[in-house]
Structures are given as structure tokens and as C-alpha cells.
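A.B. asks:
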Amino acid sequence: MGRSTFQQRRLCGRLLDHGQMQISYEHCGETQTSDLTRLSSGPLRCEHCDELIMAVDVSATAEWIESQVDRKRHLLETGQLGTRKQSTQQTDSDIDRDGLSAELAACAILCPNAFVSWTRAAERSKGNRGRDLLRTWTGLNRPVEVKHTRYQDDHRGFLVIRPPRNTPGRMRAEYIDDAYYVLMTGEPFRHKLVGWIDRAGLLAEGQLNPVPVGHSQRESWGIHWSKLRPIDELARKIGQGGLVGSFGRWFEDHFGG
Ligand SMILES: [Zn+2]
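In my numbering, the protein residues as written are 5 to 261.
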């Protein structure tokens with residue numbers, strides 16, 4: 005283990021220990037703040053009216069996010085990670101910062117109780133694909149796959165799935181996981197959870213190449229944000245099946261696909 009990794013571990017530990025991992029959100033006419041290391045089971049709700057919170061500000065976690073962006077830059081520079089650039093407008097570090105900030109916000113909204121486990125997993129990640137939110141974390145019967153776009157208007161804001169690395173050829177239906185896909189919008193460090201869709205919905209209502217395929221880019225499959233399902237529908241699926249359901253989720257997380 006290199007010295008820089010050790011220093012980053014220590015830095016992350018310090019941030020988590022001292023309660024600097026906070027999020028804030030507006031609801032019922034006031035700004036509410038939650039300490040992410042001390043939240044009980046999710047999803048995140050307003051402390052006054054109990055409504056689901058859909059938009060959060062995670063700027064208090066910026067130092068931790070930057071430490072992970074630096075770690076990925078080091079992995080890229082030493083050849084342990086390939087480039088994720090899909091356009092010439094964003095650097096790999098921009099992509100990492102956007103993705104991590106949006107995933108952190110999704111975890112804070114859907115499974116705040118699992119936040120510390122999520123950060124530990126993110127600190128170990130060498131992968132290119134987004135981190136799943138595990139079934140045991142969310143209480144859902146499928147993993148949650150977080151997608152992010154900065155935009156949300158009439159023409160832009162697609163939930164996009166690209167082929168895994170090291171696969172040949174065209175986009176294929178089997179590259180779409182049996183997961184709940186959720187779309188986050190916004191820029192670091194303010195994000196909104198727009199909606200969700202499952203594999204069947206994506207196959208039925210999605211389209212090939214919703215965003216143009218540029219030179220040396222792969223095909224993709226995606227769906228416009230306006231066609232996604234509302235989040236309270238997903239929230240109602242949480243915790244189904246009682247104790248048997250909990251065991252099933254744990255089993256699937258550890259031994260399932
Ligand atoms: Zn409220």
C-alpha cells in the first residue's frame with residue numbers, strides 16, 4: 005500500500021469521525037441538516053411532514069469527494085484504471101466528481117442508514133461502472149443502479165446505459181441489468197432524484213442511442229427523464245416480504261447476480 009493511500013484512508017476516517025459528512029435540504033420552509041453517519045433506516049424524509057426528500061445539497065462532503073477524485077486520478081495515471089471520457093468537454097476528474105457526488109446524494113436519499121458502508125465501498129472501488137446500492141442497504145428486492153446527467157429539460161436529461169468495457173460490438177439487451185435504475189440530475193454538489201425504471205420498462209420504453217454517438221464512442225440505450233416512474237412508487241416497494249424478504253435480500257447481495 006502506497007503512502008498516499010494510507011493518508012487518504014486517514015483523511016476519510018477523520019471526516020467520518022468528526023461528523024463532517026452532512027447533507028442539507030429544503031422542506032416545510034426551512035433548511036434541514038442531517039449527519040450522514042448517524043441516520044436511521046431510509047429513505048430520507050422531512051422531519052416535519054414525513055414527505056420523501058428528492059433534492060439534497062451535499063457540499064459539506066466535498067473534501068471527501070475530492071479525496072476520491074484524486075485517488076482515481078492516481079489510478080488512471082498509473083494505468084490501473086481506463087479513461088471514462090465519453091466527450092471532449094469533460095475530463096476524467098470532472099466525470100468522477102459528477103458521478104460520486106450524484107451517487108452520494110442517491111445513497112443519502114434512498115438508504116441513509118447505509119451511508120458509511122457506501123463510503124467504505126467507494127473508497128475501495130477501482131471500477132468504471134457506478135456503484136450499486138445493495139438490497140440490504142435499500143430494503144428493495146433488486147440492486148439500485150445510479151445514473152447521472154447534468155441536464156433536465158425538454159430535449160436533454162436521459163438515463164443512459166452503455167455497454168460494459170471489454171465487450172465487442174453493438175449495444176445489447178443483456179447489458180441492461182435486472183436492477184432499479186434511478187436518475188440523478190444536477191451538478192456537484194446539489195442533486196435531485198428524478199425517477200426510476202426497471203429493466204422491463206427500459207426495454208419497452210427506451211430507445212437506441214438517445215444521445216448522439218460520436219467518433220470512437222459505443223452505442224447506448226436510454227430513456228428521457230420525463231418517462232421515468234415516480235420515486236414514491238419505488239419507496240412503497242421497500243421492506244416487502246418481512247424477515248424472509250430481509251434474508252432473501254442479504255442472500256442475493258452475497259450470492260446472487
Ligand atoms: Zn416537510
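By construction, the Cβ of each residue, glycine as well, lies at the ideal position given by its N, Cα and C atoms.
Since the model is a prediction, treat every value here as computed from it, not as a measurement.
Got a sec, what are the start and stop residues for the beta strand (DSSP E) ASP39 sits in?
C.D. replies: Translated into the one-based positions of the sequence shown, residue 39 becomes position 35. 34–39 is the span of the beta strand (DSSP E), which, as asked, contains ASP39.
A.B. asks: Buried or exposed: which applies to ARG139, given that a residue is buried once 16 or more other Cβ atoms fall within 10 Å of its Cβ?
C.D. replies: The sequence position of residue 139 within the sequence shown is 135, counting from 1. The residue is buried, with at least 16 neighbouring Cβ atoms inside 10 Å.
A.B. asks: Taking 7 Å as the cut-off, does the CB of GLU30 come closer than this to any heavy atom belonging to ligand 1?
C.D. replies: Position 26 of the sequence shown, counting from 1, holds the residue named residue 30. Checking every heavy atom of ligand 1 against the Cβ of GLU30, none is found closer than 7 Å.
A.B. asks: Taking the straight line between their C-alpha atoms, what separation do you get for CYS32 and HIS52?
C.D. replies: Residue mapping note: residue 32 aligns to position 28 of the sequence shown, counting from 1. Residue mapping note: residue 52 aligns to position 48 of the sequence shown, counting from 1. Rounded to whole angstroms, CYS32 to HIS52 spans 7 Å at the Cα level.
A.B. asks: Between the C-alpha atoms of GLU107 and ASP74, what's the straight-line distance to the nearest angstrom?
C.D. replies: Along the sequence shown, one-based indexing puts residue 107 at 103. Along the sequence shown, one-based indexing puts residue 74 at 70. So the two alpha carbons sit approximately 17 Å from each other.
A.B. asks: Using DSSP's beta-bridge definition, name the partner residues of TRP225.
C.D. replies: Translated into the one-based positions of the sequence shown, residue 225 becomes position 221. DSSP lists ILE165 and LEU212 as partners of TRP225.
A.B. asks: With hydrogens ignored, establish whether the beta-carbon of HIS52 is closer than 7 Å to any heavy atom of ligand 1.
C.D. replies: Translated into the one-based positions of the sequence shown, residue 52 becomes position 48. HIS52: yes, Cβ under 7 Å from ligand 1.
A.B. asks: Using 8 Å as the Cβ pair cut-off and three pairs as the minimum, do the segment 141–153 and the segment 79–87 touch?
C.D. replies: no
A.B. asks: Can you tell which of THR37, GLU237, ASP182 and SER97 has the C-alpha that lies nearest to the C-alpha of ALA204?
C.D. replies: Position 200 of the sequence shown, counted from the first residue, corresponds to residue 204. Distance check between ALA204 and each of THR37, GLU237, ASP182 and SER97 places ASP182 closest, using alpha-carbon atoms only.
A.B. asks: Using 7 Å as the cut-off, classify the Cβ of GLU55 as near or not near the heavy atoms of ligand 1, replying yes or no.
C.D. replies: In the sequence shown, the residue the question calls residue 55 occupies position 51. At least one heavy atom of ligand 1 is nearer than 7 Å to the Cβ of GLU55, so yes.
A.B. asks: May I ask you to verify whether the segment 231–246 touches the segment 165–173, counting CB pairs closer than 8 Å and requiring at least 3?
C.D. replies: no
A.B. asks: For LEU114, tell me which candidate among LEU40, SER250, ASP102 and VAL217 has the shortest Cα-Cα distance.
C.D. replies: Taking the sequence shown and counting its residues from 1, one reaches residue 114 at position 110. Here the closest residue by C-alpha is LEU40.
A.B. asks: Drop a sphere of 10 angstroms on the beta-carbon of ASP102, count the other beta-carbons inside from all chains shown, and report buried for 16 or more, exposed for fewer.
C.D. replies: As a position in the sequence shown, residue 102 is number 98, starting the count at 1. With 16 or more other Cβ atoms within 10 Å, it is buried.
A.B. asks: Return the chain-ordered ranges of every alpha helix (DSSP H) run that is complete within the segment 89–149 and spans a minimum of 4 residues.
C.D. replies: Runs of the alpha helix (DSSP H) lying entirely within the segment 89–149 and spanning at least 4 residues, in chain order: 96–114, 119–128 and 139–142.
A.B. asks: Do you know offhand how far HIS258's Cα is from ARG194's?
C.D. replies: Taking the first residue of the sequence shown as 1, we reach residue 258 at position 254. Taking the first residue of the sequence shown as 1, we reach residue 194 at position 190. If you take the alpha carbons of HIS258 and ARG194, they lie about 32 Å apart.
A.B. asks: I need the DSSP call for VAL60, collapsed to helix, strand or coil.
C.D. replies: Here residue 60 is taken as the residue at index 56 of the sequence shown, counted from 1. DSSP places VAL60 in strand when its eight states are reduced to three.
A.B. asks: Sort out for me which residues DSSP pairs GLU30 with in a bridge.
C.D. replies: Within the sequence shown, numbered from 1, the residue matching residue 30 stands at position 26. Partner(s): THR35.
A.B. asks: By the three-class DSSP mapping on this structure, what secondary structure does TYR155 have?
C.D. replies: Taking the first residue of the sequence shown as 1, we reach residue 155 at position 151. For TYR155, the secondary structure class from DSSP, reduced to helix, strand or coil, is coil.
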